[in-house]
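Peer 1: Those letters in the sequence shown? Residues 2 to 248, by this note's numbering.
The beta carbon of each residue, even a glycine, is placed where N, CA and C say it ideally should be.
All values reported here derive from a predicted model rather than from experimental measurement.
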Amino acid sequence: MNSFKSSAELKGMAKEQLFGNYGNAVGATVVTGLIMMVMFFILEIFSAFTIGGSVSVPQLIIYFLISFIVSLFNGLLTSGKAFFYLKITCGQPAAISDIFYGFRVYPDKALIIQFFLSLFTFVCELPMIIFYLLYIFHPENVVYLLLMSICSVAGSIATIIVSLIFSQSFYLLQDFPQYSAKELLNMSLQIMKGHKGRLFYIVVSFIPLYILGTFSCCIAFLWIVPYTNTIMANFYMDLMRGRSGQN
Numbered sequence: 002m003n004s005f006k007s008s009a010e011l012k013g014m015a016k017e018q019l020f021g022n023y024g025n026a027v028g029a030t031v032v033t034g035l036i037m038m039v040m041f042f043i044l045e046i047f048s049a050f051t052i053g054g055s056v057s058v059p060q061l062i063i064y065f066l067i068s069f070i071v072s073l074f075n076g077l078l079t080s081g082k083a084f085f086y087l088k089i090t091c092g093q094p095a096a097i098s099d100i101f102y103g104f105r106v107y108p109d110k111a112l113i114i115q116f117f118l119s120l121f122t123f124v125c126e127l128p129m130i131i132f133y134l135l136y137i138f139h140p141e142n143v144v145y146l147l148l149m150s151i152c153s154v155a156g157s158i159a160t161i162i163v164s165l166i167f168s169q170s171f172y173l174l175q176d177f178p179q180y181s182a183k184e185l186l187n188m189s190l191q192i193m194k195g196h197k198g199r200l201f202y203i204v205v206s207f208i209p210l211y212i213l214g215t216f217s218c219c220i221a222f223l224w225i226v227p228y229t230n231t232i233m234a235n236f237y238m239d240l241m242r243g244r245s246g247q248n
């Protein structure tokens, strides 16, 4: 018997849980957004100086390394966001400062988890990057462009699958901090068996909201981001409750 909640049920729960919490949730969204904007602004400035003119392999390598470091920093924020929204789903008071929880508590494990996620993503995108570099230095060879496009699609599909498999890692870190990063990643792999399609469906159902947010000059994202994050936290909670019911 299926003991897991539907997408509609998870969304309804999220709406109820956010009542009285939207102020802090919006504040957390703004603070997180500003931090990431600063990080990407720095990355873009570096890109303009290093890749704006003639492109060299060392410049691209440095650019990708800095991008990798930014992604690691994002892992600390992701850990904090997981903590923040799990508190909301559990009916506990959540403060804006909770988004920095990942910087204070088990940052090493958050960084290791994000390192593996970023590394997996990089490996999935590596063939596309290689053909991109080949096309830059040999623009007359359109075969490189074709192969780059094919690898880009294949890499995106692989990245999505990897993201779904390890999507619960940061939530698990909050509940099982005694486990190592490797154990948390493996646990996410185990609990997501049979649920990747369900989570993918939920994420795809957010697309109309994202389109709405874009047309609203991104103002609607102040509501959309807390809403979707709460749904994702509820998915994790439902996943764990359902597994407990099956055992």
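Write down every uninterrupted run of the alpha helix (DSSP H) in the region 155-184 whose length is 4 residues or greater and which is fully enclosed by it, in chain order.
Peer 2: List check, alpha helix (DSSP H) in window: 170-176.
Peer 1: According to the Cβ coordinates, are Phe171 and Ala111 closer than 9 Å?
Peer 2: Numbered from 1 along the sequence shown, position 170 holds the residue referred to as residue 171. Numbered from 1 along the sequence shown, position 110 holds the residue referred to as residue 111. Yes. Within cutoff.
Peer 1: So, with DSSP's three-state summary, where would you put Lys110?
Peer 2: In the sequence shown, residue 110 corresponds to position 109, counting from 1. Helix.
Peer 1: Helix, strand or coil: how does DSSP classify Phe5 here?
Peer 2: Counted from its first residue, the sequence shown places residue 5 at position 4. Coil.
Peer 1: How far does the alpha helix (DSSP H) with Gly214 in it extend, from its first residue to its last?
Peer 2: As a working mapping, residue 214 is identified with position 213 in the sequence shown. 208-216 is the span of the alpha helix (DSSP H), which, as asked, contains Gly214.
Peer 1: Contact defined as beta carbons within less than 8 Å: I believe Leu77 pairs with Gly103. What is the distance between those atoms, to the nearest angstrom?
Peer 2: Along the sequence shown, one-based indexing puts residue 77 at 76. Along the sequence shown, one-based indexing puts residue 103 at 102. Right, the Cβ-Cβ distance comes to about 4 Å (below 8 Å), so this counts as a contact.
Peer 1: If you follow the alpha helix (DSSP H) that Ile203 is part of, which residue opens it and which one closes it?
Peer 2: Within the sequence shown, numbered from 1, the residue matching residue 203 stands at position 202. Secondary structure note for Ile203: its alpha helix (DSSP H) is the uninterrupted segment 197-205.
Peer 1: Have a look at Thr229, Arg244, Gly243, Ser217 and flag the residue whose alpha-carbon is nearest the alpha-carbon of Ala83.
Peer 2: Indexing the sequence shown from 1 puts residue 83 at position 82. Among Thr229, Arg244, Gly243, Ser217, the Cα nearest to that of Ala83 belongs to Thr229.
Peer 1: Let's test the definition: count the other Cβ atoms within 10 Å of the Cβ of Asp109 and tell me whether it reaches 16, buried, or not, exposed.
Peer 2: Residue 109 sits at position 108 when you count from the first residue of the sequence shown. Exposed is the call here.
Peer 1: Hey, quick one: how far does the alpha helix (DSSP H) through Phe104 stretch, first residue to last?
Peer 2: In the sequence shown, residue 104 corresponds to position 103, counting from 1. Start and end: 102-105.
Peer 1: Which class does Pro128 belong to by DSSP, given the choice of helix, strand or coil?
Peer 2: For the purposes of this step, residue 128 is taken as the residue at position 127 of the sequence shown. Pro128 falls in the helix class under three-state DSSP.
Peer 1: Checking 9 Å against the spacing of the C-beta atoms, do Thr90 and Met14 come in under that value?
Peer 2: Residue 90 sits at position 89 when you count from the first residue of the sequence shown. Residue 14 sits at position 13 when you count from the first residue of the sequence shown. Contact: yes.
Peer 1: By alpha-carbon positions, which one of Leu165, Ile130, Ala159, Thr160 ends up nearest to Leu148?
Peer 2: On the sequence shown, position 147 is the one that residue 148 refers to. Ranking Leu165, Ile130, Ala159, Thr160 by Cα distance to Leu148 puts Ile130 first.
Peer 1: When the Cα atoms are used, what is the spatial distance from Lys16 to Val32?
Peer 2: The residue you call residue 16 lines up with position 15 of the sequence shown. The residue you call residue 32 lines up with position 31 of the sequence shown. Those two C-alpha atoms are separated by around 22 Å.
Peer 1: Cα-Cα, which of Leu165, Leu118, Val143, Ile208 is closest to Phe74?
Peer 2: Counting from 1 along the sequence shown, the entry for residue 74 is found at position 73. Cα-wise, what sits closest to Phe74 is Leu118.
Peer 1: Would the beta-carbon of Arg105 be found less than 8 Å away from any heavy atom of the ligand GDP?
Peer 2: Questions concerning the ligand GDP fall outside what the structure shown contains, since it holds no ligand whatsoever.
Peer 1: When you compare each of Arg105, Leu173, Ser153 to Phe123 by their alpha carbons, which one comes out closest?
Peer 2: Translated into positions along the sequence shown, residue 123 becomes position 122. Minimum Cα distance to Phe123 is reached at Ser153.
Peer 1: Report all residues from its chain with a CB closer than 8 Å to the CB of Phe116; omit the five preceding and five following residues, and keep chain order.
Peer 2: Taking the first residue of the sequence shown as position 1, residue 116 is located at position 115. For Phe116, where only same-chain residues beyond five positions count, the Cβ hits under 8 Å are Leu73, Gly76.
Peer 1: Nearest-angstrom Cα distance between Val205 and Asn25?
Peer 2: The residue given as residue 205 occupies position 204 in the sequence shown. The residue given as residue 25 occupies position 24 in the sequence shown. Rounded to the nearest angstrom, the two C-alpha atoms are 26 Å apart.
Peer 1: Quick check: what's the CA-CA separation for Ile62 versus Ser7?
Peer 2: The residue given as residue 62 occupies position 61 in the sequence shown. The residue given as residue 7 occupies position 6 in the sequence shown. Cα-Cα distance, rounded: 44 Å.
Peer 1: Whole angstroms are fine: how far does the CA of Ser164 sit from the CA of Pro178?
Peer 2: Here the question's residue 178 lines up with position 177 in the sequence shown. Here the question's residue 164 lines up with position 163 in the sequence shown. So the alpha carbons of these two residues sit roughly 21 Å apart.
Peer 1: Contact check, Leu11 vs Asp239 under 8 Å by CB: the rounded distance?
Peer 2: For the purposes of this step, residue 11 is taken as residue 10 along the sequence shown, with counting starting at 1. For the purposes of this step, residue 239 is taken as residue 238 along the sequence shown, with counting starting at 1. Yes, Leu11 and Asp239 are in contact; Cβ-Cβ is about 6 Å, under 8 Å.
Peer 1: Quick one: using the 10 Å Cβ neighbour count with 16 as the cut-off for buried, is Arg105 buried or exposed?
Peer 2: Here residue 105 is taken as the residue at index 104 of the sequence shown, counted from 1. By the Cβ-count criterion, Arg105 is exposed, with fewer than 16 other Cβ atoms from all chains shown falling within 10 Å of its own Cβ.
Peer 1: Look up Gly34 in the DSSP assignment and say whether it is helix, strand or coil.
Peer 2: One-based indexing of the sequence shown puts residue 34 at position 33. Correct three-state label for Gly34: helix.
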